[in-house]
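Step one of this worksheet: look at the structure below.
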Amino acid sequence: MKLTTIYASLKKDLTFIESELEQTVNAHHPVLRDASNHLLKAGGKRIRPVFVLLSGKFGDYDLDKMKNVAVALELIHMASLVHDDVIDDAEMRRGAKTIKAQWDNRVAMYTGDYIFARALELVTELEDPEANSILSNAILEMCIGEIEQIKDQFNWNQNVRDYFRRIKRKTALLISISCELGAVAAGASKTEQRYLKQFGYYVGMAYQITDDILDYTGTERELGKPAGGDLLQGNITLPVLFAMKQSNYKSQIMSVFSEEKPVSQDEVNQVLSIVKSSGGIEFAREISDCYLQKAFHALEHLPSTSSRTSLKQIAEYIGKRKH
Amino acid sequence: MNNPMDYKHKQLNIVREKLHSRLAHSYLLRFIDIPVIDEERLYLFHEMLEQTSLEKERKQDTLLSIMLVQIALDTHERISLADVQNEDERKNRQLTVLAGDYFSSMYYHILSKWKDNELIRTLSGAIQEINESKMSFYHAEEQSVDYIFSNLKDIESILIRKVAEHFDLSEWKSFGTQYFYLNRLLFERKQELIQSGTNLLHKIAFTFLAVRESTLTTEQTAKARSILDSYVDHAKKDIDFLFQQYSDFHRWFHNRHEFYWGLNGVQEKKMAEEG
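As you go down the protein sequences, you meet chains C and U in turn.
For the first sequence, the working numbering gives the first residue as 8, with consecutive numbering after it.
For the second sequence, the working numbering gives the first residue as 44, with consecutive numbering after it.
Take a look at the structure:
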């Protein structure tokens, strides 16, 4: 099933959220406005707003309240992407030039800071002070996770536990709190908040593992950037960690990365083949499926509604997506 | 009776220590410069918050949060446009971006603990305005010289003005604005003595003298510098007027200012240039 089909029941509300996103980043300065809109127009799955809205359906759904959370979380995600592109020195994102490539690093820094501040301002409009507490904890953890990711680059001694902790902070937390805050904003029961938070966490883990698999299996057209980008940056993900557990594959991989010189795209392609031969992709898929099963299990504790069905369908989509 | 100066030093030290412990991320500090705590801003915000009825610990955390906002902004200002040349430079850039984000997340985290939605809103609004002003300064090619200097003043003072408004301490706005604006001008002037053709001088030359070349001639540099100096003189007169209010607070800043004024070499250089 396509994501657009799953989103159909939310189409009207998502259109509203999209226009709110545009209005929210409508800065006075033309370059700041254009740069903010540049990323917005490049699209994206809007998975965080969708999770906010669907989770809100388990409480007293009021779009005016939900919009602040939905828009804020998407903006926080966007701001982190803008800064990530400076960190990765990336030229392309979602098939379009990055802000740092279209303008420069300074514009990217100002834009990211501006968008992040807009997001926080929106969240303060929520009456429940718990919302800020949940979000601020998550953001702090996300920042620590990003620093850990740099620290772990080309660290071949890391283990699977390091990887899981990293992707939890990098991706799963924001998706988890999208579900939780959607439920909080709608005043859903504490039990529903807890299971939605769990669901988001498991889906987030599966989402990031799938993303990491796609870096090995996707084409440049599907990904909007060359395959093997993670490896080139020194980001060691689940498929390669699995391969490294086997001594014959480990020695082949280490022979590529043992030298001081930067790794070429040809060498990266060579490692991609080694990891594929090792069964690392299948292993990562199994783990991603395990997380999805846990996500489905969390959903079983929630009332059987069309929103629960949609959440399940999105989770299934995440497990099968190609980009 | 306790000495008020001892109390002040003690309070400032507590916040300084809290700040240091928040900033001291061992991995970050391996690759990036230790973030600088602006002592003058710390002192100013401390004095402002002393006028509020916040209880002691909350006052400390509020001061800590405001300083973290400034430090986060200053950290991101260090991101350069140049391509990185080696692995150390790459790491430095990556971690400078992340350090700014990390410090910024901490101000939000601290104020969320106090459930201080209003101050989060004020500070996030200030950050937006500061970034608008930074962008205006950065892309000010078609603007007037006055507009360029007005942007500089905003960049240096928006946080102070917003905090003053938030706590209903409007009387602090004028002094804070003028003092940190002049500080910035003196910094720019000092930079100009160290390296020829700074970013600001180029902006002045571009705007006022319609210079389109990337290198300024000696004559163009002198003209742009004299324009900068006229703004320095004007800002100096404004702050001298405010220094006439001889409270301990003003005396503290006056002494700092005299020290910098002597250090930056503007007077000596101007006298030499004027013969």
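Glycine included, every Cβ here is placed at the ideal spot set by N, Cα and C.
| Asked | Found |
| --- | --- |
| Chain U within 8 angstroms of M99/C, Cβ atoms only | no |
| Environment of V79/U [buried if 16+ CB atoms lie within 10 Å] | exposed |
| Three-state class that DSSP yields for M8/C in the structure shown | coil |
| Reference M261/C; option with closest CA among R292/C, G211/C, R40/C and F161/C | F161/C |
| Rounded C-alpha distance that separates D281/U from L60/C | 54 angstroms |
| Residues near P56/C in its chain [Cβ-Cβ closer than 6 angstroms; skip 5 each side] | I24, A77 and E81 |
| Stretch-stretch touch, CB-based, cutoff 8 angstroms, three pairs: the region 116 to 132 of chain U with the region 94 to 107 of chain U | no |
| Between the CA atoms of Y50/U and M44/U - distance to the nearest angstrom | Low per-residue confidence applies at M44/U: pLDDT is 47, beneath 50, and the placement is therefore not dependable enough to give any value. |
| Nearest-angstrom Cα separation, counted from A115/C out to D104/U | 30 angstroms |
| Chain U contacts from the region 157 to 181 of chain C (Cβ-Cβ distance under 8 angstroms) | I157 and K158 |
| Where the alpha helix (DSSP H) through R255/U begins and ends | Element bounds for R255/U: n/a, residue is neither H nor E. |
| Local Cβ density within 10 Å of Y70/U, reported as buried at 16 or more and exposed below that | exposed |
| 8 angstroms Cβ cutoff, T131/C in contact with chain U | yes |
| CB of L88/C within 8 angstroms of CB of Y151/U, strictly | no |
| Proximal residues to K246/U (C-beta, below 7 angstroms), its chain only, five neighbours per side dropped | A183 and I191 |
| Alpha helix (DSSP H) runs wholly inside the region 13 to 101 of chain C, at least 4 long, in chain order | 18 to 31, 37 to 48, 54 to 63 and 70 to 95 |
| Contact with chain C by M110/U, beta-carbon distance below 8 angstroms | no |
| Extent of the continuous alpha helix (DSSP H) to which S196/C belongs | Run containing S196/C: none; DSSP gives neither H nor E here. |
| Length of the line joining the Cα atoms of K268/C and E132/U | 16 angstroms |
| Beta-carbon neighbours of R164/U, restricted to chain C and to distances below 9 angstroms | L127, E128, T131 and E132 |
| Contacts of Q128/U in chain C (Cβ-Cβ under 8 angstroms) | Chain C residues near Q128/U: none, gap ~12 angstroms exceeds 8 angstroms. |
| Buried versus exposed call for F123/C [16 or more other C-beta atoms within 10 Å across all chains shown] | buried |
| Span of the alpha helix (DSSP H) around T105/C | Taken as a continuous stretch (DSSP letters only), T105/C belongs to no alpha helix (DSSP H), as it is neither H nor E. |
| L147/C at chain U interface by Cβ criterion, 8 angstroms | yes |
| Closest Cα partner of P136/C within the set R101/C, L188/C, L180/C and Q165/C | L188/C |
| Coarse secondary structure for L299/C, derived from DSSP in three states | helix |
| Bounding residues of the alpha helix (DSSP H) (the contiguous stretch that carries P136/C) | P136 to K158 |
| Three-pair Cβ contact test at 8 angstroms for the region 210 to 220 of chain U versus the region 154 to 174 of chain C | no |
| Secondary structure of A267/U, DSSP reduced to three states | helix |
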